[in-house]
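K.L.:
In full-length UniProt numbering, the protein residues as written are 1 to 137. Just passing along the structure, written as structure tokens.
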């Protein structure tokens with residue numbers, strides 16, 4: 001009988017070792033994938049330019065028979081002065097800047113984008129706000 005018991009004990013130990021190896025493989029694969037994704041994300045973030053150019057992007061075109069451009073809500077933001085018998089070139093702008101709806105500019109000359117808002121902390125007021133934590137430049 002002791003031979004059978006030893007064989008059974010060895011078999012159980014072998015199964016436990018195999019299970020541990022399987023778990024370790026999963027952990028290593030997960031760590032490698034996480035590291036790879038982190039490296040890819042860091043590389044992508046470093047090489048990606050921001051597409052916030054000064055113009056409003058490509059012009060859109062509409063002609064009679066096509067559905068009206070989306071304004072978000074044609075009931076509360078209807079088109080004003082949009083002639084449905086001729087084709088139009090239009091641009092999507094920021095809310096409140098459109099000339100035929102809240103966000104749509106009809107014509108080839110949309111207004112320029114407004115300047116960015118001023119910085120919350122400038123070099124002049126940094127010392128007053130951050131005190132000793134203000135970086136010296």
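Think of the CB as a built atom: it goes at the ideal place given N, C-alpha and C, for glycine as much as any other residue.
1) Give every residue of the same chain whose Cβ lies closer than 6 Å to the Cβ of residue 87, excluding the five residues on either side of it in the sequence, and list them in chain order.
2) Short check: CB of residue 108 to CB of residue 84, under 9 Å?
3) For residue 106, collect the residues of the same chain with a Cβ closer than 7 Å to its Cβ; drop the 5 residues on either side in sequence, then sort them by chain order.
4) Is the distance from the Cβ of residue 103 to the Cβ of residue 57 below 9 Å?
5) Give a yes or no on whether the C-beta atoms belonging to residue 94 and residue 114 are separated by under 9 Å.
6) Compare the beta carbon distance of residue 92 and residue 61 with 9 Å and say whether it is the shorter of the two.
P.N.:
Walking through what the data contain:
1) 63
2) 9 Å or more divides the Cβ of residue 108 from the Cβ of residue 84.
3) 82, 88, 90, 99, 100
4) Their beta carbons are not under 9 Å apart, which means residue 103 does not touch residue 57 by this criterion.
5) yes
6) Going by C-beta atoms, residue 92 is not nearer than 9 Å to residue 61.
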